[in-house]
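Have a look at the structure below, then the notes.
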Amino acid sequence: MVLLQHALIALVYLFRRGQQVFLRAEEPPALYTTVQVGLSLSLSLSLSVCLSLSLSESVFVYLLKAESQMVCDDPPHELHAEGKLRYTAADEHLIQHCFCYTSTVLTSTLAFQKEQKLKFECQALLQVAKNLFTHLDDVSVLLQEIIVEARNLSNAEMWVFYFSSTMQKEFRIPADQGIAGHVATTGKILNIKDAYSHPLFYRGVDDSTGFRTRNILCFPIKDENGEVIGVAELVNKTNGPWFNRFDEDLATAFSIYCGISIAHSLLYKKVHEAQFRSHLANEMMMYHMKVCEEEVTKLLTSGIESVEKIHPSFAEFTYTPRSLPDDNTPMGVLSMFEDMGFINTYKIDLHTLARFCLMVKKGYRDPPYHNWMHAFSVSHFCYLLYKNLELSNYLEDIEILALFVSCMCHDLDHRGTNNSFQVASVSTAIHRICSTGLKRHHFAQAIAILNTHGCNIFEKFSRKDYQRILDLVRDIILATDLAHHLRIFKDLQKMAQVGYNPRSRTHRSLLLCLLMTSCDLSDQTKGWKTTRKIAELIYKEFFSQGDLEKAMGNRPSEMMDREKAYIPELQISFMEHIAMPIYKLLQEIFPRSSELYERVAANREQWSKVSHKFTIRGLPSNNSLDFLDEEYELMQAQGAFGDDIHRMNGCLEDDCGKRDQ
1 MVLLQHALIA LVYLFRRGQQ VFLRAEEPPA LYTTVQVGLS LSLSLSLSVC LSLSLSESVF
61 VYLLKAESQM VCDDPPHELH AEGKLRYTAA DEHLIQHCFC YTSTVLTSTL AFQKEQKLKF
121 ECQALLQVAK NLFTHLDDVS VLLQEIIVEA RNLSNAEMWV FYFSSTMQKE FRIPADQGIA
181 GHVATTGKIL NIKDAYSHPL FYRGVDDSTG FRTRNILCFP IKDENGEVIG VAELVNKTNG
241 PWFNRFDEDL ATAFSIYCGI SIAHSLLYKK VHEAQFRSHL ANEMMMYHMK VCEEEVTKLL
301 TSGIESVEKI HPSFAEFTYT PRSLPDDNTP MGVLSMFEDM GFINTYKIDL HTLARFCLMV
361 KKGYRDPPYH NWMHAFSVSH FCYLLYKNLE LSNYLEDIEI LALFVSCMCH DLDHRGTNNS
421 FQVASVSTAI HRICSTGLKR HHFAQAIAIL NTHGCNIFEK FSRKDYQRIL DLVRDIILAT
481 DLAHHLRIFK DLQKMAQVGY NPRSRTHRSL LLCLLMTSCD LSDQTKGWKT TRKIAELIYK
541 EFFSQGDLEK AMGNRPSEMM DREKAYIPEL QISFMEHIAM PIYKLLQEIF PRSSELYERV
601 AANREQWSKV SHKFTIRGLP SNNSLDFLDE EYELMQAQGA FGDDIHRMNG CLEDDCGKRD
661 Q
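Structure representation (structure tokens):
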């Protein structure tokens, strides 16, 4: 363009008449260039020259229009009847002769200009690739880098990125609405020169913020399979009236780098997490050591005992599994495996099963509550559901097996603290565990045990069944998170209302989640004395975490602060909002489980009486519950309970408060 300007200026001086020269490109975008020549004349002349250039299969047509005025020493020109001065044929011949040389130089200049643009594009994209691929270890940082690079490349006033979750396959905005939704659906770039005139543009944001959206360049970001994983919007070109074809080409090339970098970042994250889980599993095995063959032989020396031999009431809801000595619990697990028919149905090797049970037992640490005895109690309740509610009519055998194994493994390597504490902890190992969730860590530990030589109880499964049972165990263990339970609670209610359908895969999945949660909280279905003792263990664990949080300079939640927690009220709230609704749903699906709900409701009433005793005695909120044991033993010695069934449960009678007064 500069070359063409100089050619026109030379023409003006050649004719020695001219004040202004205009250059207009006939192909869009229109471009006007004005060159000033310092002469002051009176009469006006005009001449138009059309020049066509063929370059890279594109035809550029330039219309040159010169307006000039005559100077005093100009040679004579033709004067028409209307009195206007015109260029002569000699002038036209001179201009044509001049442009015979100019056109060749102009063609080369345009080609050079295009090569410069391509060079700039390549250099810019190489820099983008360098900047993006140095941030693959963190997706959030990578996305921020993408935004910065996009603004730098496009000279846009604003840049918006919509990311598609690779897990849920959906955008946070409706994937079929608006400009971004249209691009996400079609997978094609969209260049809008006037945003307000476009039917897909929503003006509400501009009206509320006062921002003026002039033009938009929206393009998709795809993965290696061509699927849209994101949509980018460039808003308001700052160095031009709108985004041009060069910006479109640059955006298309840029989107390829974005897609590759995001896909590799997600892959890098998965590989990194897998490597860490593997390392942590090996660390756990070294910490707990392997199961000795002597232990396996000792466990199987006398064969598998029948459940009746363990205890006559072992298969009844009233039985308390915590009364079984710790050394006898592995045999209890083997007896339940045998009684439910898993050993014969799935051809499980006894030595493998014994080694697996012992390894799982060693995989639990020794916090006050989340220990092996808790896992055994949860597994025993699963066995009770199988025996008393005829689960075989509701679930497939492989699903019941997955449920039982999940009960055994659902809190493996629990450290007595919850997710929020572990994230805040300075321990790097703990923090990495929580990056994928504590429940996922429990599942990873279960997989580590199964992968240990001689511990894989699923080794004789077909490839399809093996993958299915691992998926089931994963989903069931994740369902022990109460936040997950609250998210699906409405779906559980709906299932109970319309009636359970065993042929529905969705219903079976929901039922497995409900059964797992009911097993996890099964201590609340036992007698009052057991329930109260469990509460003491839970709050002992909570308070230990609260003390650690205080030592770190953090403020623990009320339930974990031994100076603020009011145990009776916390328990009443837990029973009313979590436990009772769970067993109420269980009762609606399994009418034969009504005694479980009734016992939970009775324990809730006992907590109300405890709260009353705290009040009338003026006890502090963090007072120990041990005084209830002393009171119970005194009342028992005085014959206050008689032969009532509450005697074995240690319930507080209504007149206890009167005696205290």
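Position one of the sequence shown corresponds to residue 1 (full-length UniProt numbering), numbered consecutively onward. Heads up, the beta-carbon is just placed ideally off N, CA and C, and yes, glycines get one too.
Check, Outcome
"By the three-class DSSP mapping on this structure, what secondary structure does C292 have?", "coil"
"Please identify the residue among N501, Y539, I192 whose C-alpha is closest to the C-alpha of P367.", "Y539"
"Going by DSSP, which residues form a beta bridge with A156?", "K237"
"From S557 to H410, what does the alpha carbon distance come to, in whole angstroms?", "24 Å"
"Report all residues from its chain with a CB closer than 8 Å to the CB of R576; omit the five preceding and five following residues, and keep chain order.", "Residue 576 is actually Glu in this sequence, not Arg. Cβ neighbours of E576 beyond the five flanking positions: R604."
"Tell me whether R203 is buried or exposed, calling it buried when 16 or more other Cβ atoms sit within 10 Å of its Cβ.", "exposed"
"Would you tell me roughly how many angstroms separate the C-alpha atoms of V49 and A89, rounded to the nearest one?", "Only weak support is given to the placement of V49: the predicted model assigns it a pLDDT of 43, under 50, and the value that follows is read from those uncertain coordinates. Roughly 13 Å separates the two Cα atoms."
"Determine which residues share a DSSP beta bridge with A232 and list them.", "F161, F219"
"Checking the sheet assignment: what are the DSSP bridge partners for L190?", "C218"
"Please classify D207 as buried or exposed, where buried requires at least 16 neighbouring CB atoms within 10 angstroms.", "exposed"
"At the level of alpha carbons, what is the spacing between I488 and G553?", "35 Å"
"What's the C-alpha gap between S335 and E305?", "6 Å"
"Measuring CA to CA, which of D223, L438, G303, L521 is closest to F254?", "D223"
"Report the three-state DSSP secondary structure of L200 (helix, strand or coil).", "coil"
"Counting only the same chain and skipping the five closest in sequence on each side, list residues whose C-beta sits under 6 Å from that of K114.", "none"
"Does the separation of the CB atoms of L358 and V405 fall below 8 Å?", "no"
"From I300 to H351, what distance separates their C-alpha atoms?", "Per the sequence shown, the amino acid found at residue 300 is Leu instead of Ile. Using only the alpha carbons, I get a separation of about 8 Å."
"For F356, which option in C455, E536, S544, F314 has the closest C-alpha, if you only look at C-alpha atoms?", "C455"
"May I have the straight-line CA-CA distance separating W528 from M580, to the nearest angstrom?", "15 Å"
"To which residues of the same chain is C519 closer than 6 Å at the C-beta, ignoring the five residues directly before and after it?", "V378, F381, C382, C407"
"Check S323 in the structure and name its three-state DSSP category.", "helix"
"Where are the alpha helix (DSSP H) runs, 4 residues long or more, that stay fully inside the segment 483-569, in chain order?", "505-520, 528-551"
"Assign L45 to one of two classes, buried (16 or more other C-beta atoms within 10 Å of its C-beta) or exposed (fewer than that).", "The predicted model places L45 with a pLDDT of 38, which falls under 50 and marks its position as unreliable, so this point remains unresolved."
"Would you check if the distance between the CB atom of Y369 and the CB atom of L482 is smaller than 8 Å?", "no"
"Going by beta-carbon coordinates alone, are E157 and V235 separated by less than 8 Å?", "yes"
"How many angstroms separate the CA atom of A402 from the CA atom of M495?", "22 Å"
"Starting from E338, trace the alpha helix (DSSP H) in both directions and tell me its first and last residue.", "329-339"
"Taking the alpha helix (DSSP H) that E308 falls in, what are its first and last residues?", "307-310"
"For the segment 560-577 against the segment 600-614, are there 3 or more C-beta pairs whose distance is under 8 Å?", "yes"
"What is the residue span of the alpha helix (DSSP H) that Y466 lies within?", "463-478"
"Can the beta-carbon of D413 be found closer than 8 Å to that of R365?", "yes"
"Less than 8 Å separating the beta-carbons of L395 and L586?", "no"
"For N244, does the three-state DSSP call read helix, strand or coil?", "coil"
"What's the C-alpha gap between E390 and I578?", "25 Å"
"Out of S573, L472, S594, which has the shortest C-alpha to C-alpha gap to F443?", "L472"
"Between K460 and chain C, is the shortest Cβ-Cβ distance under 8 Å, so that the two count as touching?", "Among the chains in the structure shown there is no chain C, since it carries only a single protein chain."
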